[in-house]
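Undergrad:
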Amino acid sequence: MRMPSHTPRQSTRAWLVITAATALQNAKDYHGAAYDAALVEPRPSKACGGGLGVFAVTEVPPGARLAEIPVTACLTADAARAVLGGEEAESYAAQRELTRALLAYLRFGGTNETCAAQKAYVDSLPWDGVEDAALPDAWRPTIMRIADRAGVSDDDAARAVQLSRSRGLDLGTSAEDAERLHAMVPFLDLFNHPSLGALEASGARERVGQASVFDSCVKWYLSDDRTRVLVDAPSAFATPASQELWLWYGYDAKDHGAFVEAYGFEPFD
């Protein structure tokens, strides 16, 4: 699970950035998400084992609005209940399990007219290699519940769990927002983590190292009406053209192994 985009001690500074961000100037669709194609675009990345990243098309001003993603385009517990039925999630853990059941259903179980955009997003995800990644035995009860809810095999449910662990997001209107939303968010999950190896490969280590990790990465949060996920450029500096923009995935020093198990790489290497 990725952590909130800024910590409580940084809330005032982060909200100044949020206030300054403007609407998208040249919106382009990405599986239901809208991003500013005049500022950024997805490109192949050398970071975090390859795949796509988000890069500056031109110099990106500090705090510029990069993307707006409707919550209805995301994989959420509410979207899962609309497709799979069942009761409302009563906890954050229940939200997460429902979201994973929807992911498994859309990839392996079937289609549904109410979630065509989510289906296209799910199919765009990097499923290659996921089936080779084993989960600890402690995950077996969760996998079985998800398989039953989604109507898929245990193996397919395990693949969905493994993929979602590196892509699920913990969303709120601010770091203090107690009403968290678990979601998988198109476009936002293209941003890579700024490990030292990734920064070295991109030539950005010196520039990014001049500010805190939070101010050097994109900010992401729910709009006040909780209908959109907003993504703003780093507040510490302008991002030069052709440079990759980064998203801090969150790290708990007390559970280093959980980060490596979920993402497949060391957070700082």
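Position one of the sequence shown corresponds to residue 24 (my numbering), numbered consecutively onward.
Every residue gets a Cβ at the ideal spot worked out from N, C-alpha and C, and that includes glycine.
Treat the numbers as computed from the prediction; the structure is a model and nothing was measured.
Taking its Cβ as the centre, do 16 or more other Cβ atoms sit within 10 Å of P217, making it buried, or is it exposed?
TA: Residue numbering aside, residue 217 sits at position 194 when the sequence shown is read from its first letter. P217 is buried by the Cβ-count criterion.
Undergrad: So G76 packs on S68, CB below 8 Å; how close in whole Å?
TA: On the sequence shown, residue 76 is found 53 positions in, with the first residue counted as 1. On the sequence shown, residue 68 is found 45 positions in, with the first residue counted as 1. G76 to S68, Cβ: 3 Å. Contact.
Undergrad: Which stretch, first to last residue, makes up the beta strand (DSSP E) that contains E315?
TA: Shown here, the chain extends from 24 to 292; a query on residue 315 therefore has no answer.
Undergrad: Would you kindly report the start and end of the unbroken beta strand (DSSP E) that includes G191?
TA: Residue numbering aside, residue 191 sits at position 168 when the sequence shown is read from its first letter. Note, G191: beta strand (DSSP E), 191–194.
Undergrad: Could you check whether the region 156–166 touches the region 103–110, counting it as contact only if at least three pairs of C-beta atoms, one from each stretch, sit closer than 8 Å?
TA: no
Undergrad: On the three-state DSSP scale, how would you describe W269?
TA: Counting from 1 along the sequence shown, the entry for residue 269 is found at position 246. Note: W269 maps to strand in three-state DSSP.
Undergrad: For the alpha helix (DSSP H) that contains Y115, what are its first and last residues?
TA: Here the question's residue 115 lines up with position 92 in the sequence shown. First-last of the alpha helix (DSSP H) with Y115: 115–127.
Undergrad: Do the CB positions of S258 and P85 come within less than 8 Å of each other?
TA: The sequence position of residue 258 within the sequence shown is 235, counting from 1. The sequence position of residue 85 within the sequence shown is 62, counting from 1. A contact, by the Cβ cut-off of 8 Å.
Undergrad: By DSSP's criteria, D177 is part of a beta bridge. Which residues make up the other side?
TA: The sequence position of residue 177 within the sequence shown is 154, counting from 1. According to DSSP, which records beta bridges pairwise, D177 is partnered with nothing at all.
Undergrad: Roughly how many angstroms lie between the CA atoms of S176 and G152, to the nearest whole one?
TA: Here the question's residue 176 lines up with position 153 in the sequence shown. Here the question's residue 152 lines up with position 129 in the sequence shown. Approximately 18 Å, taken between the alpha carbons.
Undergrad: Closest by CA to L125, which one among R228, Y272, A46, A180?
TA: Here residue 125 is taken as the residue at index 102 of the sequence shown, counted from 1. Looking at R228, Y272, A46, A180, the one whose alpha-carbon comes closest to that of L125 is A180.
Undergrad: If you compare alpha carbons, which of Q118, S239, A112, Q185 is closest to W150?
TA: The residue labelled residue 150 in the question sits at position 127 within the sequence shown. From the listed residues Q118, S239, A112, Q185, the smallest Cα separation to W150 is found for Q185.
Undergrad: Any idea what DSSP makes of L158, helix, strand or coil?
TA: Locating residue 158 in the sequence shown gives position 135, counting from the first residue. The answer is coil: DSSP assigns L158 none of H, G, I, E or B.
Undergrad: Name the DSSP beta bridge partners of R251, please?
TA: As a first step, residue 251 is located in the sequence shown; it is residue number 228 there, counting from the start. R251 pairs with P93.
Undergrad: Identify which residue in A87, V94, Q266, G132 has its Cα closest to the Cα of A140.
TA: In the sequence shown, the residue the question calls residue 140 occupies position 117. The residue among A87, V94, Q266, G132 with its C-alpha nearest the C-alpha of A140 is V94.
Undergrad: Just mark D52 as buried or exposed, buried being the case when its beta carbon has 16 or more other beta carbons within 10 Å.
TA: As a first step, residue 52 must be located in the sequence shown, where it is residue number 29. With fewer than 16 Cβ atoms within 10 Å of its Cβ, D52 is classed as exposed.
Undergrad: Between the C-alpha atoms of A261 and V83, what's the straight-line distance to the nearest angstrom?
TA: The residue given as residue 261 occupies position 238 in the sequence shown. The residue given as residue 83 occupies position 60 in the sequence shown. The alpha-carbon atoms of A261 and V83 are separated by roughly 5 Å.
Undergrad: Less than 8 Å between C-beta atoms, sequence neighbours within five positions excluded: which residues of the same chain meet that for T137?
TA: Here residue 137 refers to the residue found at position 114 of the sequence shown. Shown here for T137: same chain residues with a beta carbon closer than 8 Å to its own, the five before and five after excluded, namely A105, V106 in chain order.
Undergrad: Distance check for A224 and V231, CA to CA, integer angstroms please.
TA: By one-based count along the sequence shown, residue 231 stands at place 208. By one-based count along the sequence shown, residue 224 stands at place 201. Answer to the nearest angstrom: the Cα atoms are 13 Å apart.
Undergrad: In angstroms, rounded to a whole number, what distance separates the CA positions of L121 and A198?
TA: Walking along the sequence shown from the start, residue 121 turns up at place 98. Walking along the sequence shown from the start, residue 198 turns up at place 175. Spanning the two alpha carbons is a distance of roughly 23 Å.
Undergrad: Could you check if N49 is buried or exposed, using at least 16 other CB atoms within 10 Å of its CB as the buried criterion?
TA: Walking along the sequence shown from the start, residue 49 turns up at place 26. When all chains shown are included, N49 counts as exposed.
Undergrad: So, at 6 Å on beta carbons, what are the nonlocal neighbours of A112 in its own chain, with the 5 sequence-adjacent residues on each side left out?
TA: Residue 112 sits at position 89 when you count from the first residue of the sequence shown. Same-chain partners within the cutoff: A100, Q118, L121.
Undergrad: What's the C-alpha gap between R249 and E202?
TA: Your numbering for residue 249 matches position 226 in the sequence shown. Your numbering for residue 202 matches position 179 in the sequence shown. Their backbone Cα atoms lie some 10 Å apart in a straight line.
Undergrad: Distance, Cα to Cα, K242 vs F78?
TA: Here residue 242 refers to the residue found at position 219 when the sequence shown is read from its first residue. Here residue 78 refers to the residue found at position 55 when the sequence shown is read from its first residue. So the two alpha carbons sit approximately 15 Å from each other.
Undergrad: DSSP on I169, reduced to helix/strand/coil?
TA: Working through the sequence shown from its first residue, we reach residue 169 at position 146. If DSSP states are grouped into helix, strand and coil, I169 belongs with the helices.
Undergrad: Within the same chain, show all residues whose beta-carbon is closer than 7 Å to that of C240, passing over the 5 residues directly before and after it, in chain order.
TA: Reading the sequence shown from its first residue, position 217 is the one you call residue 240. These residues qualify, in order along the chain: P217, P257, W269, L270, W271.
Undergrad: From the DSSP output, read off the bridge partner residues of T134.
TA: Here residue 134 corresponds to residue number 111 of the sequence shown, with the count starting at 1. None, per the DSSP bridge assignment.
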